[in-house]
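Using this note's numbering, read the sequence shown as starting at 1 and increasing by one per residue. Have a look at the structure below before the remarks.
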Amino acid sequence: MCSHYYESTGNVKVMNKAIDSIRLVGLTNSRQSGIVEDCCRAGINVKLITGDNKVTATIMATKFGIIEPYYQPCEAIDGEEFWKFSSEMLMAKIENICMLARASPDEKLLMVQSLKQKDHVVASIGRGIGDSQALSKANVGLCFGTQGVEIVKACSAIVMSCKDFPFIIDILTWGRGIYDSV
Numbered sequence: 001m002c003s004h005y006y007e008s009t010g011n012v013k014v015m016n017k018a019i020d021s022i023r024l025v026g027l028t029n030s031r032q033s034g035i036v037e038d039c040c041r042a043g044i045n046v047k048l049i050t051g052d053n054k055v056t057a058t059i060m061a062t063k064f065g066i067i068e069p070y071y072q073p074c075e076a077i078d079g080e081e082f083w084k085f086s087s088e089m090l091m092a093k094i095e096n097i098c099m100l101a102r103a104s105p106d107e108k109l110l111m112v113q114s115l116k117q118k119d120h121v122v123a124s125i126g127r128g129i130g131d132s133q134a135l136s137k138a139n140v141g142l143c144f145g146t147q148g149v150e151i152v153k154a155c156s157a158i159v160m161s162c163k164d165f166p167f168i169i170d171i172l173t174w175g176r177g178i179y180d181s182v
């Protein structure tokens, strides 16, 4: 879990209450492939929560660097496996779950709630009705205004006017700048 980031001056900035966990939705454009790395450098732990099957989700998570076979302890599971965990087991594993495939709206919500229970500040990105509960319970809910349905927009703290995920780094930079200025 990232706990700090490097400023452009090279100084280490320890994060106090910054966003440290993000769910990715809709990363299919190849020009966005470096965004996960950018997020990690910014101190964000990225998790892929999707309704896609485990094979498709694993391919996407590997392509974007969420799953790196030789790097970090990372559990890639599906919704069925997720529900088999006891409450205690889920809390022990939640930080290492980097990908959740075939996720229902209830599983998306449980992921957000579990991360918050572990004192993480959670941002959730969604675009469909199935994302609305997770968006409303996350510390920060984000949706793409060009794609989202009205209920998703209503559940989101931030409605992004562009549909490019790299915009999240701009939002984070501005948010941290404002937070540090106060």
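Ideal placement from N, C-alpha and C gives every residue a C-beta, glycine not left out.
Query raised in the report: Pick from S132, K47, V140: whose alpha carbon is nearest that of I94?
Result: Relative to I94, the option among S132, K47, V140 whose CA is nearest is K47.
Requested in this report: List the endpoints of the continuous alpha helix (DSSP H) containing A157.
Outcome: First-last for A157: undefined, no H or E at that position.
Requested in this report: Tell me where the alpha helix (DSSP H) around F82 begins and ends.
Outcome: Taken as a continuous stretch (DSSP letters only), the alpha helix (DSSP H) holding F82 covers 79–84.
Query raised in the report: Excluding five sequence neighbours on each side, which residues of the same chain lie with their C-beta closer than 6 Å to the C-beta of Q133?
Result: Excluding the 5 residues flanking it on each side, Q133 has same chain C-beta neighbours closer than 6 Å at P105, L109, in chain order.
Requested in this report: Tell me where the alpha helix (DSSP H) around S136 begins and ends.
Outcome: Looking at the DSSP string, the run of the alpha helix (DSSP H) that includes S136 is 132–137.
Requested in this report: Hey, could you find the ends of the alpha helix (DSSP H) S124 is sitting in?
Outcome: Segment 122–126 is the beta strand (DSSP E) holding S124; no alpha helix (DSSP H) there.
Report task. Check the DSSP bridge columns for L142 and list the partner residues they point to. Result -> I125, I158, per the DSSP bridge assignment.
Query raised in the report: Whose C-beta lies closer than 6 Å to the C-beta of L135 among residues of the same chain, with five residues either side of it excluded?
Result: Answer for L135: S124, G126, G141, C155, S156, listed in chain order.
Query raised in the report: Are A103 and T56 touching if we call contact CB-CB under 8 Å?
Result: Against a cut-off of 8 Å, the Cβ pair of T56 and A103 comes out as no contact.
Query raised in the report: Can you tell me the Cα-Cα spacing of I67 and V149, whole angstroms?
Result: Cα to Cα, I67 sits roughly 30 Å from V149.
**Report entry** Among M111, G128, V159, nearest to K137 - alpha-carbon criterion
**Finding:** Answer by Cα proximity: M111.
Query raised in the report: Can you check whether the CB of M99 is closer than 8 Å to the CB of S114?
Result: Contact: no.
Query - Own chain residues within Cβ distance below 6 Å of V122, not counting five before or after - result: Excluding residues within five positions, the ones whose Cβ falls inside 6 Å are S21, V112, L115, K116, A138, N139.
Query - Euclidean distance between Cα positions of M60 and I77 - result: Their backbone Cα atoms lie some 14 Å apart in a straight line.
Query raised in the report: In terms of residue numbering, what span does the beta strand (DSSP E) encompassing C98 cover?
Result: According to the DSSP assignment, C98 belongs to the beta strand (DSSP E) that extends over 97–101.
Query - A254 in three-state terms, based on DSSP - result: No statement about residue 254 is possible, as the shown extent of the chain runs from 1 to 182 and does not include it.
Report task. Keeping to the same chain, check which residues put their C-beta closer than 8 Å to that of D52; ignore five residues upstream and five downstream. Result -> Excluding sequence neighbours, D52 sits near M60, A101, R102.
Report task. Buried or exposed for M89, please, with buried defined as at least 16 other CB atoms from any protein chain shown within 10 angstroms of its CB. Result -> M89 should be labelled exposed.
Requested in this report: Could you pull out every residue in the same chain whose Cβ sits closer than 7 Å to the Cβ of C74, ignoring the five residues on either side in sequence?
Outcome: Correct list, in chain order: I67, N96, C98.
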